[in-house]
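Asker: Chains as they are written, first to last, in the numbering used here: chain A, 12 to 264; chain B, 2 to 667; chain C, 821 to 1076. Where is the CB? At the ideal position from N, CA and C, for every residue including glycine.
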Amino acid sequence: MKHDRLHKSVDAYLKLHNSSTPARLDFVQSVTGFILALFIMGHILFEATILISKDAMYAMTRFFEGYYFFGETYPGIISFLAAAIFIILIVHTLAALRKFPSNYRQYSIFRKHSAEFRHNDTTLWLWQVITGFMMFFLASVHLYMMMTNPGDIGPFASADRIVSGWMWPLYLVLLISVVLHTFIGLYRLALKWGWFEGKKPKESRKVMKKIMIAAIVFYIGIGLAALGAYIVIGIEHSDKVGARYHPTEGGQQ
Amino acid sequence: MKVTYTDVLVIGGGLAGLRTATGVKERGHDVILLTLVPPKRSHSAAAQGGMQASLGNSVMGRGDNEDVHFEDTIKGSDWGADQKVARMFVNTAPKAIRELAAWGVPWNRVKKGGRQAIINAEKVTITEEEDAHGLITARDFGGTKKWRTCYTSDGTGHSMLYAVDNKVHEQGIEVRERMEAIALIHENDRCYGAVVRNLMTGELVAYIAKATTIATGGYGRIYSVSTNAVICQGTGQAIALETGVATLGNMEAIQFHPTAIVPVGILTTEGCRGDGGVLRDVDGYRFMPDYEPEKKELASRDVVSRRMTEHMRKGKGVPSRYGDHLWLDITILGRKHIEKNLREVKEICENFLGIDPAEEWIPVRPTQHYSMGGIRTDHRGESQTLKGLYSVGEAACWDLHGFNRLGGNSVSETVVAGMLVSEYISDFCESEESAINVSTSVIEAALKCEQDKLDRLINNKDGEDTYVLRRAMEKIMMEKVGIFRNGKDLKEAVDELEQLIFRSHNIEVTRSKSLAANPALVNAYRTQMMLKVALTVAYGALLRTESRGAHSREDFPERNDKEWLNRTIMRWKDPDMTMPTVSYEDIEVEEMELPPGFRGYGKDMTIHHPKTEERQAMVDTMRLQTEEEGLDRIEVQRTLMPYSELLPEKYQGRNERLDERFDDER
Amino acid sequence: MNALTKGLMMKDKAARKIKINILRFDPNIPNDRPRIDMFELEEAPGMTLFIALNDIREHHDASLKFDFVCRAGICGSCSMLINGRPGLACRTLTSTMEPEIMLAPLPLFELIGDLSVYTGNWMRGLNERLETWIHTQEEVDVERLEERMEPELAEEIYELDRCIECGCCVAGCGTIQMREEFVGAVGLNKIARYRLDPRDKRDDDDYYELVGDEDGVFGCMTLLGCEDVCPKELPLQSKIAYLRRKMVEVGLNKKD
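1) Just to confirm, is the Cβ distance from B:Arg-281 to B:Asp-325 under 7 Å?
2) Taking B:Asn-712 as the reference, which of B:Val-106, B:Lys-612, B:Thr-613, B:Met-180 has the closest Cα?
3) Can you check whether the CB of C:Gly-994 is closer than 7 Å to the CB of A:Phe-121?
4) So with Cβ pairs under 7 Å, would you call A:Leu-202 a contact of chain C?
5) Which class does A:Gly-253 belong to by DSSP, given the choice of helix, strand or coil?
6) Please report the distance separating the alpha-carbon of B:Ala-678 from that of B:Cys-398.
7) Checking 7 Å against the spacing of the C-beta atoms, do B:Thr-145 and B:Asn-109 come in under that value?
8) Quick one: which residues of the segment 67-101 of chain B get their C-beta closer than 7 Å to a C-beta of chain C? List them in chain order.
9) Since C:Asn-941 contacts C:Glu-930 with CB under 8 Å, what's their CB separation in whole angstroms?
10) State yes or no: is the C-beta of C:Leu-908 within less than 7 Å of the C-beta of C:Gly-893?
11) Would you list the one or two residues that DSSP bridges to B:Arg-366?
12) Step through the CB atoms of chain C and report whether any lies within less than 7 Å of the CB of B:Lys-41.
13) Mind checking which residues open and close the alpha helix (DSSP H) that includes B:Trp-328?
14) For C:Pro-1018, which of C:Glu-958, C:Gly-1004, C:Pro-1051 has the nearest alpha-carbon?
15) Can you list the residues of chain A that C:Ser-1058 reaches, using a CB-CB cut of under 8 Å?
16) How would you list, in chain order, the residues of chain A whose beta-carbon sits under 8 Å from the beta-carbon of C:Glu-1029?
17) Could you tell me the alpha carbon to alpha carbon distance between C:Glu-862 and B:Glu-395, rounded to whole angstroms?
18) My guess is that C:Gly-896 and B:Ala-518 are in contact by the Cβ rule of under 8 Å, so how many angstroms apart are they, rounded?
19) How many Å lie between B:Met-571 and B:Ser-372 at the Cα?
20) Can you list, in chain order, the residues of the segment 893-926 of chain C whose Cβ is nearer than 7 Å to any Cβ on chain B?
21) For A:Ser-119, is the classification buried or exposed, using 16 other Cβ atoms within 10 angstroms of its Cβ as the cut-off for buried?
22) Let me check understanding here. Comparing Cα to Cα, which of B:Leu-242, B:Thr-582, B:Thr-378, B:Thr-415 lies closest to B:Val-91?
23) So the candidates are A:Ile-61, A:Phe-38, A:Gly-44; which of them puts its Cα closest to the Cα of A:Ala-170?
24) With respect to the beta strand (DSSP E) encompassing B:Val-197, which residues constitute its N-terminal and C-terminal limits?
25) Using beta-carbon positions only, say whether C:Gly-1045 and C:Gly-992 come within less than 7 Å of one another.
26) Give a yes or no on contact between the segment 48-62 of chain B and the segment 604-621 of chain B, applying the rule of three or more CB pairs nearer than 8 Å.
27) State the start and end residues of the unbroken beta strand (DSSP E) segment that holds B:Val-176.
28) Along the chain, which unbroken stretches of the alpha helix (DSSP H) at least 4 residues long are found entirely within the segment 439-500 of chain B?
29) Evaluate C:Asp-832 with the Cβ neighbour count: other Cβ atoms within 10 Å of its Cβ, from every protein chain shown; 16 or more gives buried, anything less gives exposed.
30) At the level of alpha carbons, what is the spacing between B:His-170 and C:Arg-944?
31) Roughly how many whole angstroms lie between the Cα atoms of B:Ala-118 and B:Ile-339?
32) For C:Cys-939, decide whether its Cβ has a neighbour in chain A, counting only Cβ atoms nearer than 7 Å.
33) Out of B:Ile-12, B:Asp-68, B:Gly-13, which one is the CA nearest neighbour of B:Leu-595?
34) Provide the residue span of the beta strand (DSSP E) that contains C:Pro-906, from first to last.
35) I'd like to know if B:Met-420 contacts chain C, where contact means its C-beta is closer than 7 Å to some C-beta of that chain.
36) Considering only the beta carbon of each residue, do C:Met-1041 and A:Lys-123 sit closer than 7 Å?
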């Protein structure tokens, strides 16, 4: 026992102080996640403007290309935005990686635990891991394309990419992954930092979970509808691939 | 042969054992603490209601001091307590609670201004003084003149236990869990340690120490229904008894708590009644005021338990498939109070009864709760007959509680006794007489003897089934050595228990033959021990032909100071015998500060001691004289019954109170 | 008459038969292999797993290992996996479950045998690691009036002091399954408790040394198994979130 105590004190002496890195990583993971979530919430809504009309979607594209600020379009802005998001995504991934099972053993232990425990929030985390893992690839492909071909956004250009460019299977999986990951992530983020706790955290959590489910349903619904719309346009437009969209009279300004 | 040496061996990891260990360690002695379960799982955690200490902070406790606490304790004990020990205790209790406050117990505090409370089933407003704001508050408990029971919600024992165990961690005290002392090692009336069984591996190890302390709690589990944890089996008392040298005191003094839930016997705290809950019968009628117009539900525990039993015998109980019960009504306290201050009670009601106590009444009946008796010690906590053996807490008969313990005095006793006895043990360890002069052959013989016993239990053929004996014992104790006792039943109980002891020599461990972790084997040897303890209880009760405190004889309803102002002392001289030998230790009236009187419950049927009157007159005169001389209450007390030199020097000081500030007021 | 009396006075309905499956293994027996034993019992009114398991030990298998101490939900000894979820066996009524019940020992802790695990050892290690005691240089004078404390603060501390170290939160924690060095909700709650206590003189920098890393608060993935299985319903979710905010504050202001 005396030996133990001595040992302990030597350990204490040798022990390095806790560094600030874990705190920073934790903070960065949350901040980047939050930014990405906001981005996705906007992104899906913006692309869904196709459901209103081709003109609306066209106007939205022009807006992001800076037309309403500078009088002409700069697709470079899209490249820049895509690059920025890509970087945030990479940072987020790196920060989040430390939470991933680091080997198969850990993964299978967790699977088993989650299967036996049948605890909703634990299972949801597994979904986050899986969707996060998928997004590694899918989102990277998507972002890389946006960075390199920033001009290929528009009612016809996007639709062509989706149908004739054979991107629709990727976008379908990406949509589901990203929506799940985003809203499970936001829900967890709120609990993690104690946002909207109120006087009765247990009750607030139930409400938040309901909101999370509603948001997932809403976003997947709207995302699928938009994807469907692009597919329809893409099929109709498949004989004129490459031709750009021109707004109808009065469709702009 | 495996032997471990240390200065002090503490057996038992509840509050008493832990506090003893910290005290000894503080004085610089090595200590090893053995415990059946991790210390934080000890039965001390189950003490819900509170700890008595005369702080006098709350307005309902103002004017409280050691004198009032002393008087309550002695009256509560029905004059069975050792008055000097009680004095030592009441003077140390405030120190104990303040020490615990510093160690982290989140005692509930006085909040200045008015608050609602229920007293005698009526809403009243209590207004706390500004100067008491933030000091430790107290609630009302049975048998006390002032509100003196300090508490943390209804998890007092839990918080205390955690604070003290954390202190043990801080000090780096060695705690060995899942270890059971199954025999003491002794030679020439000197105790040298214990034979200890590892409950995980079955290995036997001899622990040799200058001083050995038994802090294993009570023996409630000899009854079939008890509020006690399942480990409160009296094995500490049993191993002391089996030395043939150490003695047990007042084993027949068993307390029944009025409000344990039916049928499982889990306790609902006295705080329920202290905070204003009432008892009701089958008609929903509040019956206690009819029996005890003054204290009502807050009469002493033994009194309330007897009144409840009487009332049920009149046919006023609520019939159920588990027998009759009564109702505890705390709905009048309101949901808010219950959810804050009686939360454990609420959880227990929800989980074990499926009811909401804020809406419904709780089915209760008196149930075995506390063992006033135990290993007889002197005021220093040392066995009177076996040197080097100490005992503290419920395991001991120190004797603070006499024949009935006040609610809130037990957790208080555990820490106070731990504080004091650890000092005496340290003194002993620093003296020459603590030298360990035991030969290895004695140690070896002790180990072998225990190993042989275990082997015999495993290898026996066509022997007795442990469970049959155990259940028979529990039933006998329940039916014949209960709240009301009589000569005929007790005689039967003694005879039957003796038979069971005889049969227990032939126990066979069936179905599982492992010598390692084997619950069947544990059950077998513990049952053998418990039977002996049970017999000392029944036998003591049979011989004591009077009613005192919790010991209530229907055939001898009067308290008989003339013949029975004494302690029952039991010894088991020869392991092969099936009966203990009995002697009595007189409680001297001439030395009493508070000579025997009427407790104030029911009709006074006391047969007084011939010297009582004389002593009372003397005390009255002395008190008058000294008060005329202008002595303060502490000096007056000193002339009546000096005791403070018995205390360790560091605990001899006075206690500061709001009403008794020290001169150099901060 | 309330619901319970009706229950107690009710004539015996045909009692339900329940099947209790127990994952058994005794590490003290060489070559013993984990197996599942099934015991069939007649359910009694008000039967808890405490009663059921003792019944099995008394009438079916005296060697069955499990731990109970207070049997009242206070001491935290009897946690086990009940149909896959960590919980206190003593206060689990069989009537609240399907007639086929699966019991297994709590994972992660040292197994003593069958349903008995050595939680005490683990908890002591945790307490020593986090130094869960009041740190102060002040000597207490026990003869003087005690230090004052706001009544509400005392209650708040007690709220967190109610932890019974049963290990359910540990068994219900996905993080700790993968990373055994993680302190778990029990540890983080203790830090929150001492942080709240003005008698403990440690500051946030000290606490950062204890839990400001991946084994501490930053390891928590907010799966909230702890919150959902805690038999004492401690506010674990909100206390861990609070601690995280405080520790991030320390971390971000820290110069390495």
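Answerer: So, from the data block:
1) As a working note, residue 281 of chain B is residue 280 in the second sequence. As a working note, residue 325 of chain B is residue 324 in the second sequence. B:Arg-281 is not a Cβ neighbour of B:Asp-325, given a cutoff of 7 Å.
2) A query on residue 712 of chain B cannot be resolved here, the shown segment of chain B reaching from 2 to 667 and no further.
3) Start at 1 with the first residue of the first sequence, and residue 121 of chain A comes out as number 110. Start at 1 with the first residue of the third sequence, and residue 994 of chain C comes out as number 174. Yes.
4) Along the first sequence, read from residue 1 onward, the residue named residue 202 of chain A stands at position 191. By this cut-off, A:Leu-202 is an interface position.
5) Numbered from 1 along the first sequence, position 242 holds the residue referred to as residue 253 of chain A. The answer is coil: DSSP assigns A:Gly-253 none of H, G, I, E or B.
6) Residue 678 of chain B is absent from the model: chain B starts at 2 and stops at 667.
7) Taking the second sequence and counting its residues from 1, one reaches residue 145 of chain B at position 144. Taking the second sequence and counting its residues from 1, one reaches residue 109 of chain B at position 108. With contacts defined by Cβ atoms closer than 7 Å, B:Thr-145 and B:Asn-109 do not form a contacting pair.
8) Lys-96, Arg-99, Glu-100
9) Residue 941 of chain C sits at position 121 when you count from the first residue of the third sequence. Residue 930 of chain C sits at position 110 when you count from the first residue of the third sequence. With a contact defined as Cβ atoms closer than 8 Å, C:Asn-941 and C:Glu-930 qualify at about 6 Å.
10) Taking the third sequence and counting its residues from 1, one reaches residue 908 of chain C at position 88. Taking the third sequence and counting its residues from 1, one reaches residue 893 of chain C at position 73. Cβ distance < 7 Å, so C:Leu-908 and C:Gly-893 count as in contact.
11) Position 365 of the second sequence holds residue 366 of chain B. According to DSSP, B:Arg-366 bridges with B:Ala-261.
12) Locating residue 41 of chain B in the second sequence gives position 40, where the first residue counts as 1. Cβ-Cβ to chain C under 7 Å: yes for B:Lys-41.
13) In the second sequence, counting from the first residue as 1, residue 328 of chain B sits at position 327. Not the alpha helix (DSSP H): B:Trp-328 falls in the beta strand (DSSP E), residues 327-330.
14) Translated into positions along the third sequence, residue 1018 of chain C becomes position 198. The shortest C-alpha separation from C:Pro-1018 is found at C:Glu-958.
15) The sequence position of residue 1058 of chain C within the third sequence is 238, counting from 1. Near C:Ser-1058 (Cβ distances below 8 Å), the residues of chain A are Gly-205, Glu-208, Pro-212.
16) The count along the third sequence starts at 1 and reaches residue 1029 of chain C at position 209. Under the 8 Å cutoff, chain A gives His-28, Asn-29.
17) Numbered from 1 along the third sequence, position 42 holds the residue referred to as residue 862 of chain C. Numbered from 1 along the second sequence, position 394 holds the residue referred to as residue 395 of chain B. Distance between the alpha carbons of C:Glu-862 and B:Glu-395 is about 38 Å.
18) Residue numbering aside, residue 896 of chain C sits at position 76 when the third sequence is read from its first letter. Residue numbering aside, residue 518 of chain B sits at position 517 when the second sequence is read from its first letter. Actually they are not in contact, since the Cβ atoms of C:Gly-896 and B:Ala-518 sit about 20 Å apart, beyond 8 Å.
19) Position 570 of the second sequence, counted from the start, is the residue given in the question as residue 571 of chain B. Position 371 of the second sequence, counted from the start, is the residue given in the question as residue 372 of chain B. So the two alpha carbons sit approximately 15 Å from each other.
20) Gly-893, Ile-894, Cys-895, Gly-896, Ser-897, Arg-911
21) Numbered from its first residue, the first sequence carries residue 119 of chain A at position 108. Label assigned to A:Ser-119: exposed.
22) Position 90 of the second sequence, counted from the start, is the residue given in the question as residue 91 of chain B. Looking at the Cα atoms, B:Thr-415 is the closest of the given residues.
23) For the purposes of this step, residue 170 of chain A is taken as residue 159 along the first sequence, with counting starting at 1. Restricting attention to A:Ile-61, A:Phe-38, A:Gly-44, the CA atom closest to the CA of A:Ala-170 is found in A:Ile-61.
24) Locating residue 197 of chain B in the second sequence gives position 196, counting from the first residue. That run of the beta strand (DSSP E) goes 191-199.
25) Position 225 of the third sequence, counted from the start, is the residue given in the question as residue 1045 of chain C. Position 172 of the third sequence, counted from the start, is the residue given in the question as residue 992 of chain C. Result yes, Cβ atoms of C:Gly-1045 and C:Gly-992 sit closer than 7 Å.
26) no
27) By 1-based counting over the second sequence, the position of residue 176 of chain B is 175. Start and end: 175-178.
28) 441-460, 467-481
29) Counted from its first residue, the third sequence places residue 832 of chain C at position 12. Note that C:Asp-832 scores 49 on pLDDT, short of 50, meaning its location in the model is unreliable; the coordinates nonetheless yield the value given after this. With fewer than 16 other Cβ atoms within 10 Å, it is exposed.
30) On the second sequence, residue 170 of chain B is found 169 positions in, with the first residue counted as 1. On the third sequence, residue 944 of chain C is found 124 positions in, with the first residue counted as 1. Taking the straight line from one Cα to the other gives about 8 Å.
31) Counting from one through the second sequence, the residue named residue 118 of chain B turns up at place 117. Counting from one through the second sequence, the residue named residue 339 of chain B turns up at place 338. Whole-angstrom Cα-Cα distance: 12 Å.
32) Against the third sequence, residue 939 of chain C aligns to sequence position 119. Position check: residue 939 of chain C holds Thr in this sequence, whereas Cys was assumed. Not an interface residue.
33) Looking up residue 595 of chain B in the second sequence gives position 594. Measuring from the Cα of B:Leu-595, the nearest candidate turns out to be B:Asp-68.
34) Translated into positions along the third sequence, residue 906 of chain C becomes position 86. From DSSP, the beta strand (DSSP E) with C:Pro-906 extends over 905-908.
35) Counting from 1 along the second sequence, the entry for residue 420 of chain B is found at position 419. Cβ-Cβ to chain C under 7 Å: no for B:Met-420.
36) Start at 1 with the first residue of the third sequence, and residue 1041 of chain C comes out as number 221. Start at 1 with the first residue of the first sequence, and residue 123 of chain A comes out as number 112. It is not a contact, given that the beta carbons lie outside the stated cut-off.
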